[in-house]
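K.L.:
Residue numbers (the UniProt record's numbering): 1 to 1220. All C-beta atoms in this analysis are idealised placements derived from N, C-alpha and C, irrespective of residue type, glycine included.
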Amino acid sequence: MQAYPLEYVQHNLPLVFLSGLGERQDHTGATSSTQENGTRIVTGSAECSGDRARQLLDQLLVLDGSKQPWNAQALPGPSSTLKWRMRTIGRTFSLPARKAAPLPHSPNLERLSSSPQRSTELHSPLSPQSPGSPIYPDGVFTPSWFAKHQRQVPALLIAFFNISADEDSAQNEQIQIDINAIRTALGVSGFKTRIAAVLMSDRSILRAPELGDRLTAIRRATTLDTKTGLFFMPPMSSQAEIATYVQTMLTALQPLAVEYYRDLTKHARRKKIRGAPAGTSTTPVDGGAHALSTPGWNARYEVKQGVFAELRQEMDVAERHYSAALEELFGSDGVLEATPSWSPRWDEARLLCDVVALRVLRCELWSELTTSAVISWTNYKARMRDLVDRRGKGTQTYSWHAWETRWAEIMAQLIQRAAVPAFRPALNRANEDSSELVALALYAPAEKTNVATERLPPFHLLHHPGYWLRLAVGSARARWLVALAILEEDRTPPGQSPASAVANRANNYDTFLASDPHEEYPLAKGHGYDHIADISRLTDEAIREFALRSQGRVVDRLNFDLAQQLAAAERFPAALDRLLPVWEECTWRDDDWDDLVVPLLTLLHDCARRCGNVEVHVATAWELLSLSSPTGSDGLLEYLRSSWPKASNVAVRFEDRQRYSPLTARFAFGHFETHVGDSIGCQLTLCSQAPSDTPPLTLSEVTMTIGSHKTITITNKRKQIPSSDGSVLHDFTDVASGNADGSLVLEADLRLPPNQKRIYGFRLSFKEAGLLRLQRLSLRFGDERFIIEHTYSNPNLVRGASSLVQSGDVLEERPLPYADATAVTVLPKPPKLRLVVHGLPQQYYLNEVIILELELVNDEAEAVDATATASAAISEDRTAAVRWQGGEDNGRELEIGMLDASASRRASLQMTAPLEPAVCTLALEVKYTLRSDPSTPLSKTMDVEVSVVAPFEATYTFGPLLHSDPWPSYFAAHPKDTEGQPEGITQRWRQNSLLRSFAADALLIRAVRLVKAGDIPDTECLMLDPTTFEEHLLEPEHDMQVQSEFTTRKLSFDDRRPTSLNLMLHVDWSRGQDAETVTAILEVPRLNLPSSEPRVLCTAANDVSGEHGLTLRYHIENPSGHFLTFALTMEANEEFAFSGPKYRTLSLAPISRVCVQYILLVHDDGDEAVDGRGNGRWIWPVLQVVDSYYNKALRIHSGENGVRVDGKGRLGVLVTELDE
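1) Can you give the Cα-Cα distance for Thr282 and Gly132, rounded to whole angstroms?
2) On a CA-only basis, which of Cys682, Ala575, Leu627, Ala165 is nearest Pro662? Give me that one, please.
3) Fully enclosed by the region 1000–1032, which beta strand (DSSP E) runs are 3 residues long or longer?
4) Which residues in the same chain have their Cβ closer than 7 Å to the Cβ of Ser127, if we skip the five residues on either side of it in sequence?
5) For Thr587 versus Leu562, is the C-beta spacing smaller than 8 Å?
6) Evaluate Asp354 with the Cβ neighbour count: other Cβ atoms within 10 Å of its Cβ, from every protein chain shown; 16 or more gives buried, anything less gives exposed.
7) Return the bridge partner residues of Leu699 from the DSSP annotation.
8) With the cut-off set at 8 Å, would you say Val1067 and Ala1080 are in Cβ contact?
9) My guess is that Pro14 and Trp70 are in contact by the Cβ rule of under 8 Å, so how many angstroms apart are they, rounded?
10) Could you please give the first and the last residue of the uninterrupted beta strand (DSSP E) stretch that includes Thr957?
11) In whole angstroms, give me the CA-to-CA distance for Glu1200 and Thr1111.
12) Report the partner residues of Val836 according to the DSSP bridge assignment.
13) Name the two residues that bound the continuous alpha helix (DSSP H) containing Thr1129.
14) Taking Leu365 as the reference, give the member of Val420, Ile410, Arg312 with the closest Cα.
15) Would you mind listing the beta strand (DSSP E) stretches within the region 638–721 that are 3+ residues and don't spill past its ends, in chain order?
16) Which residues does DSSP pair with Gln1184 in a beta bridge?
17) Within 10 angstroms of the Cβ of Ala901, are there 16 or more other Cβ atoms? Answer buried if so, exposed if not.
18) Inspect the beta-carbon positions of Phe546 and Val554 and report whether they are closer than 8 Å.
19) Measuring only the C-alpha atoms, how far is Thr791 from Thr715?
20) Expressed to the nearest angstrom, what Euclidean distance is found between the alpha-carbon atoms of Phe1126 and Ala1100?
21) Based on the DSSP secondary-structure assignment, which residues constitute the bridge partners of Glu47?
22) Taking only the alpha-carbon atoms, compute the straight-line gap between Arg920 and Ile851 and give it to the nearest angstrom.
23) Does DSSP put Cys586 in a helix, a strand or coil?
24) Could you check how far apart the C-beta atoms of Ser204 and Arg98 are, in whole angstroms? I think they sit under 8 Å.
25) Quick check: the Cα distance between Asn180 and Ile535, rounded to an integer number of angstroms?
26) Would you kindly check if the distance between the Cβ of Ile532 and the Cβ of Leu579 is under 8 Å?
27) Got a sec, what are the start and stop residues for the alpha helix (DSSP H) Leu230 sits in?
28) Is it true that the region 358–376 meets the region 327–346, where meeting means three or more beta-carbon pairs spaced less than 8 Å apart?
29) For the alpha helix (DSSP H) holding residue 1291, just list the boundary residues, first then last.
30) Kindly indicate which three-state DSSP category Gly187 falls into: helix, strand or coil?
31) Would you mind giving the Cβ-Cβ distance between Leu994 and Gln1041, rounded to the nearest angstrom? I have them listed as a contact below 8 Å.
32) Taking DSSP as the reference, what is the three-state secondary structure of Lys1208?
33) Could you tell me the distance, in whole angstroms, from the CA atom of Gly670 to the CA atom of Gln683?
34) Whole angstroms are fine: how far does the CA of Lys832 sit from the CA of Asp859?
35) Beta carbon of Cys611, beta carbon of Pro573: below 8 Å?
36) Which first and last residues belong to the alpha helix (DSSP H) in which Tyr792 is found?
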């Protein structure tokens, strides 16, 4: 935008004059000639000074938007508030003349003249109707009109006055005089500028009430409104308070400014409707009268209305007026079509078109209509191209390319000045707590209206400024190329050329906002337009934008293109400076963009030679050998010696793909793994990719580093090798390592003809185990004067995928069966000591002591010194106890000592099985060393899985039994020596266990015991000694019945809570009669024993006379503290007859037990049963015991042996016949 007048491209803001706060150079404009003839305003009050006045002025200037971004959010405050242009003035200042001065005339001549009376109406000094105007008579616009509203005529005039509570009425009178003088002068000037006054007091009205009366007097004398014209400023203590005051004051004055520009808009609309003048009142010098045409007149006032809308910051309205002005200018009857292209007015119209189009773009960017701005930019460019092609001198001129450069740069500058929100750095919204900035956007998304209606092409999206600057660079480059084609006779200055040539030159060349031909490309260098400086400036600006968005490839291309232009201009040092960063950091090599790399290397190679940079010249010559032939028919060394005859000790080193190389190297191990001490084959393949017309390349040395220490070096030694067009294999597999650390030094022919391979095979051995990898591979070329070394540290660049094997007279390529051929796994030397476990059964059982027999057999060729270690793991966090039998400390480690070759030794390992089923992993490790090499440790490991299972499972039945002890009675005295002993009722219980074997072998059951699993609070539990237990051999999948009894008694007589009992069943077993006894522990489900519930127990005894007499006793217990009543009913039965009550009611006192007896006479028939005492049968008497209160039947339990309850809940009594 620098090519246009500043007034044309400035952002229009409402102008505010600040009078009485002093003047500042940055905000004071120059005085124009129209101001000298205008109205002068003079006031007599002294200027406000001091810190408070300076702080107030600073806060006012903060709201000056002339240097702020061109958007609605640039300044503090709401987005609806206006942005201002502040200008400080003194107490005396001048306004420009509103009307032009009348033309001088002679009364005598007018009386004699017969011509009609001239119009006496006066117009603005800047109007095309005023003879003194720079655009008289047919011009459309002048930049002075913009300057008038931006620097000379304010919308608001704010006058500041000091008012003191200590002063007399003279100060009031002076303030009133000055305010009225300003108002009078503004009325005389004809401008409708609004005025406001600010009275700055040293006291507040609360502290000086008399100030209120003085303010009222000033308001009445000046007729200023206290809300929008007269402001009182009391003392303020902080900057924030002053800033708030300023913001509030300007917010109140904003409607006045808007109203002022609305009045100017109405005036401009009326002038447009009135239409263009029919003719001028005077005759121009050239003899013809040419008034401004109607389209030009309409365009003039459309621009004015657009500017006034922009001053009101109604950007959408301004954009419509500017667009209408463009249509008037470009129309078929417009100024651009009606004005001759050779006329200066045509260039003025083009200039005005550019400015109006620029303002259209600025309005659209202000409104964030990014896609519309791009479309407007493109359409205007196409429209201007068509106009210049039709009416101008065409678009193949340097002037048109200069315009294209300017138009693209304008778009970039507008985007930067508008600070488009899409291109601002933003915080990462994925993480609210993060302060990380998101990468800058490359383009702004399309507006919602465009997205919803159609799919836009990419070039209609608003890209960042770098995109437009790159377009400008291309146009500037095209301008330079066209300038280079200017004829030599046109490059001569006008003073040295004939007049006819100068006139012809004016007709042939378009110089719109461009230099004349003799300045565009002068004969004398350094005196004309510097195209390279312009291209460099635009390129640097574009690079800055692309670099901010991490577009490295575009940055590299821009630098490369600029370097080409610099080299074409023979500025080789500057070109070299541009090329070096691209050469060192660009990604073109990684992307295989040889079409760019070759020109880059060629240009850099030439610039380095011209600038005397030997290292770069040598490096680029090496790189170019892989793509082209920079040396011609000479070898590389001969070429370098001839290019730099005095150079010496020039060393150039590369890393990986940092540079291209004419040589490729591939390395591969013969196998993916080996052992310590064993040799493994390796193969190195070198190939030359130099052009076929270049001489062979001869390396001086090849170095390979494997692991951290091992180095293989191949030095050049010329040998007579038969000429061949294929590959040549050099086999060094019979060469052993030459150094103590295993390094290898070989000699071979390293002469590499173009497009041929050389394969070098050798063998290596390693002394340490681990993963070894090819760390570095270096190719060294040159002599004592020039050294080129290319090192590869990335194994992916030298990894071989196949190996070459000699098969007869040809080399056969065999693919490698593993992926990473540059790495080998070196395993420890394989141990030859064997571990054998004897007699390992299939199963072991819980809590069993396991003994394993381990045999160590030495299959090494010599004696070994060994130590055995054992450990057992049940799970990740549980282990089992193991120990060696016969060791010195019976621990986990066993010193075996020296074991001769082919000898063996046995050892016993003892392990205690866990208490839960599990699979134990027994880890055995034998560490040993050979007698001949005690420094190299070897180890043999073995894992043995031992399965531990439960040998038994049990099912349980539980029930009460009758205890023979009497219950406590109120009539029986308690012994005195029972203090501290249990006081509760003793209850007897029975636990029947059905034990089933799940072992694989028959197990001898030696004993079965029921034991408590911990103490029982508030209860005494006694396990009754079982009867003599006979050992029983339990076969697999067989059962055995075990009965256990115990008693419980509450410690407190008043304790009625139920008792929770945890029991365990201990089964002592062994594998045989002489084997060690093992105790298997089986958990019994938790028992809940009621203490206060009534129950019925049944016992039977053959204690009456008669063959089948049976006494049946029902014991009804009431352990609760309540009186209970039960109804007893004995049902008749065909199996027996009974003596006793058929039905009775029984009441039980608390804590009591009652026995109800029946005598049964058993009939002959009945279920047969067998008892240990003789033959017998079961009868099933039914006695119903019902709680009368709850109407609940009580279940009858078996009270002792001989009575049982079946699965249906029936009570069965065994009737036996005693043997006589």
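P.N.:
To lay it out plainly:
1) At Thr282, the pLDDT of 41 sits below 50, so the modelled position is not reliable; the number obtained from the coordinates is stated separately. Taking the straight line joining both Cα atoms gives about 12 Å.
2) Leu627
3) 1003–1012, 1019–1023
4) Ser133
5) no
6) buried
7) Phe781
8) yes
9) That belief does not hold up - the Cβ atoms of Pro14 and Trp70 are roughly 15 Å apart, past 8 Å.
10) 952–961
11) 14 Å
12) Glu855
13) No alpha helix (DSSP H) holds Thr1129; the beta strand (DSSP E) holding it covers 1124–1130.
14) Val420
15) 650–655, 663–669, 673–675, 679–688, 697–706, 710–716
16) Thr1129
17) exposed
18) yes
19) 16 Å
20) 21 Å
21) DSSP, once it has assigned bridges, lists no residue as partnering Glu47.
22) Rather than Arg, the amino acid found at residue 920 in this sequence is Cys. Distance between the alpha carbons of Cys920 and Ile851 is about 14 Å.
23) coil
24) That pair is no contact at about 42 Å.
25) 58 Å
26) no
27) Careful: Leu230 lies outside any alpha helix (DSSP H), inside the beta strand (DSSP E) at 230–233.
28) no
29) Since the first residue of the chain shown is 1 and the last is 1220, residue 1291 is not available in this structure.
30) helix
31) 6 Å
32) coil
33) 7 Å
34) 5 Å
35) yes
36) Here Tyr792 belongs to no alpha helix (DSSP H); instead the beta strand (DSSP E) covers 786–792.
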